[in-house]
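S.K.: Before anything else, here's the structure in question.
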Amino acid sequence: MAEAVFSKAFPFSPFGLIHRQQRITLLRPIDPDETLDLFCRLAEIRETIRGFEVDFAFRVDTVGKEVWNGTATVLSRNKQVRSKRGTGRTKTKSMPWIQNEESFQSVRVYVPENTGRRYAASSGDWNPHHLYAATARLLGYHRPIAHGMWIFARVLAAIEANRPFMFPVEVNALFKRPIFMPAEIEIRLLDEQMPGSNARLVRFEARDPHSNEPHMIGSMQG
318 MAEAVFSKAF PFSPFGLIHR QQRITLLRPI DPDETLDLFC RLAEIRETIR GFEVDFAFRV
378 DTVGKEVWNG TATVLSRNKQ VRSKRGTGRT KTKSMPWIQN EESFQSVRVY VPENTGRRYA
438 ASSGDWNPHH LYAATARLLG YHRPIAHGMW IFARVLAAIE ANRPFMFPVE VNALFKRPIF
498 MPAEIEIRLL DEQMPGSNAR LVRFEARDPH SNEPHMIGSM QG
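The structure is reproduced here in structure tokens:
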């Protein structure tokens, strides 16, 4: 994806892209020693009231067979588009929040100021708004913000710590508000039974424990 957004053919600036939504499907376990073929393509561009949303479609094959697929939706903010009230609508689906009266598992996580730089070193995503306060200010943020995929991975690690899933496993996540680092977040996990099935469903959220506002919401099932 990094190669795609830095391509001359990509119609928007690669800097300041906002991760809006992530969907993945894991068809079977993937062994760390397997040889994989990775594919990425620009699937769709939509004009919305916030700017332009871009869908990137991903696929992972091994020995010619698909084992993983996913879609990442990013937003390129555009002042001219945002000024057109009511122009376009995002296709992002709303998801119910986990309410305080529900019986959920809660995990507190501290997010250090250097999380963005550490994640960039492993992922290759060196977008400046993730790195330092000075570079974040160039893109309108007062402090660096955590990568969406870091939040996504941290929540999935909490889910998978003690929960077996059946394949295929599907995960959907919506990114709501940025995490300004350093910060503390609360991960909420709510287990639900799938009607007429042995499959497991876990609804999840990453929240600000002080304001109770969500940073990310979603579900994992399989």
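Residue numbers for the sequence shown follow our numbering, so the first one is 318 and each next one is one higher. C-beta: ideal position from N, C-alpha, C; glycine also. Just so you know, these numbers come straight off a predicted model, no measurement behind them.
1) In the DSSP assignment, the alpha helix (DSSP H) including V322 goes from what residue to what residue?
2) With three or more C-beta pairs closer than 8 Å as the rule, is the region 493-513 touching the region 358-374?
3) Suppose contacts are defined by Cβ-Cβ distances below 8 Å. Is A463 in contact with I504 by that definition?
4) Can you give me the Cβ contacts of L507 inside the same chain, cut-off strictly under 8 Å, excluding the 5 residues immediately before and after it?
5) Return the first residue and the last residue of the alpha helix (DSSP H) that T365 is part of.
6) Nearest by alpha-carbon distance to F469: which of E364, I496, N479 and R345 is it?
7) Smallest Cα separation from V384: which of I362, L359 and D354?
8) For W385, write down the residues that DSSP places opposite it in a beta bridge.
9) Per DSSP, L448 is paired with what?
10) Helix, strand or coil, according to DSSP, for S400 in the structure here?
11) Have a look at I335, L456 and V426 and flag the residue whose alpha-carbon is nearest the alpha-carbon of L491.
12) Just the C-alpha distance for H532 and K382, rounded to the nearest angstrom, thanks.
13) Using a Cβ-Cβ cutoff of less than 7 Å, which residues in the same chain neighbour T352 once the five nearest sequence positions on both sides are dropped?
14) Report the option in N444, R425, P481 and D525 whose CA atom is closest to the CA atom of L456.
M.R.: Result, derived from the coordinates:
1) Residue 322 sits at position 5 when you count from the first residue of the sequence shown. Counting along the chain, the alpha helix (DSSP H) containing V322 begins and ends at A319 to V322.
2) No, the region 358-374 does not touch the region 493-513.
3) Here residue 463 corresponds to residue number 146 of the sequence shown, with the count starting at 1. Here residue 504 corresponds to residue number 187 of the sequence shown, with the count starting at 1. Their beta carbons are not under 8 Å apart, which means A463 does not touch I504 by this criterion.
4) The residue labelled residue 507 in the question sits at position 190 within the sequence shown. A distance below 8 Å between beta-carbons, with the five flanking residues on each side excluded, links L507 to the following residues of its chain, in chain order: I415, E419, S420, F421, Q422, V519, R520 and F521.
5) Working through the sequence shown from its first residue, we reach residue 365 at position 48. Premise fails: T365 lies in the beta strand (DSSP E), D354 to T365, not in any alpha helix (DSSP H).
6) Your numbering for residue 469 matches position 152 in the sequence shown. Nearest C-alpha to F469: I496.
7) Taking the sequence shown and counting its residues from 1, one reaches residue 384 at position 67. Considering only alpha carbons, the answer is D354.
8) Here residue 385 refers to the residue found at position 68 when the sequence shown is read from its first residue. In the DSSP assignment, the residues bridged to W385 are L343 and V377.
9) Translated into the one-based positions of the sequence shown, residue 448 becomes position 131. Paired residue(s): none; L448 is not in a bridge.
10) The residue you call residue 400 lines up with position 83 of the sequence shown. In this prediction, S400 scores a pLDDT of 49, lower than 50, which makes its location untrustworthy; no coordinate-derived value is stated.
11) Residue mapping note: residue 491 aligns to position 174 of the sequence shown, counting from 1. The candidate whose alpha carbon is nearest that of L491 is I335.
12) As a position in the sequence shown, residue 532 is number 215, starting the count at 1. As a position in the sequence shown, residue 382 is number 65, starting the count at 1. The alpha-carbon atoms of H532 and K382 are separated by roughly 35 Å.
13) Sequence index remark: in the sequence shown, residue 352 carries index 35 (1-based). Listed in chain order, the non-local C-beta contacts of T352 below 7 Å within the same chain comprise T379, local neighbours out to five positions each way being set aside.
14) Reading the sequence shown from its first residue, position 139 is the one you call residue 456. Selected option, being the one with the closest Cα: N444.
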